[in-house]
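One point on numbering: in the working numbering, the residue at position 38 of the sequence shown is 38, and numbering is uninterrupted. For every residue, glycine included, the Cβ atom is placed at its ideal position computed from N, Cα and C. Just so we're clear, the structure is a prediction, and the values are computed from it rather than from any experiment. In what follows, a single structure is set out as structure tokens and then discussed.
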Amino acid sequence: SINYHFDSGDTSVTGDPNQMQQVFVNLLVNAIQTISPRTGMIQLCTFRPEEGGTLFVDVEDNGPGISEKNKEHIFEPFFTTKRSGGTGLGLSTAKNIVKAHGGDLVLLHNEPGKTIFRVIIPESPEMVAEGPGDGLDAMRAGGNEITKSN
Numbered sequence: 001s002i003n004y005h006f007d008s009g010d011t012s013v014t015g016d017p018n019q020m021q022q023v024f025v026n027l028l029v030n031a032i033q034t035i036s037p038r039t040g041m042i043q044l045c046t047f048r049p050e051e052g053g054t055l056f057v058d059v060e061d062n063g064p065g066i067s068e069k070n071k072e073h074i075f076e077p078f079f080t081t082k083r084s085g086g087t088g089l090g091l092s093t094a095k096n097i098v099k100a101h102g103g104d105l106v107l108l109h110n111e112p113g114k115t116i117f118r119v120i121i122p123e124s125p126e127m128v129a130e131g132p133g134d135g136l137d138a139m140r141a142g143g144n145e146i147t148k149s150n
């Protein structure tokens, strides 16, 4: 099952909606692939501790967790724990996208039965230029507002 709790306050941020969608699709697909089909649970939670401040989005699952051996490599390009079909680019790309939005993607909690990835997004990020063609030109020119949809 997938449960969600969206903060009742404003959870909009400025950013590239397509890129942020890629971040959350990657995190959710990874979570789905690790949980049990029968007892699996994913929780998506948003909150903003201070009005007008940083937005936090937690993606939690009750899968087996990430081994200590693998934990230090999960954000490296081409690192994968999947036996087939994984390129090892998902978490690396997701982290780079969030960093380009002025935020971060971190492994907040990791143990068997409870893994939490946290996406940290400032309300009005200072965009980090990564060079031409990074897909963020439109956002730097004025930005798009990303909001939750019901």
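**Asked** Is it the case that the Cβ atoms of Gly174 and Asn62 are separated by a distance below 7 Å?
**Response** As shown, the chain starts at 1 and ends at 150. That puts residue 174 outside it, with no answer to give.
**Asked** Just to confirm, are Asp7 and Arg38 a CB contact at a threshold of 7 Å?
**Response** Taking C-beta atoms as the reference points, Asp7 and Arg38 fail to come closer than 7 Å.
**Cutoff 7 Å; reference Pro122; Cβ partners in own chain excluding five residues on either side** = Cβ neighbours of Pro122 beyond the five flanking positions: Thr54, Gly102 and Gly103.
**Asked** Leaving out five residues before and five after Ile2 in sequence, what residues of the same chain have Cβ atoms less than 6 Å from its Cβ?
**Response** Within its own chain, the residues whose Cβ lies closer than 6 Å to the Cβ of Ile2, once the five positions on either side in sequence are excluded, are Ile42, listed in chain order.
**Request:** In the DSSP assignment, find the unbroken beta strand (DSSP E) run with Gly89 in it and report its ends.
**Result:** Residue 89 is actually Leu in this sequence, not Gly. Per DSSP, Leu89 belongs to no beta strand (DSSP E) and is neither H nor E.
**Message:** Considering Cα atoms alone, identify which of Leu107, Gln33, Asp58 and Gly9 is closest to Glu50.
**Reply:** That would be Gly9, whose Cα lies nearest to the Cα of Glu50.
**Asked** Do you know how far the Cα of Gln21 is from the Cα of Leu44?
**Response** In a straight line, the C-alpha of Leu44 is about 14 Å away from that of Gln21.
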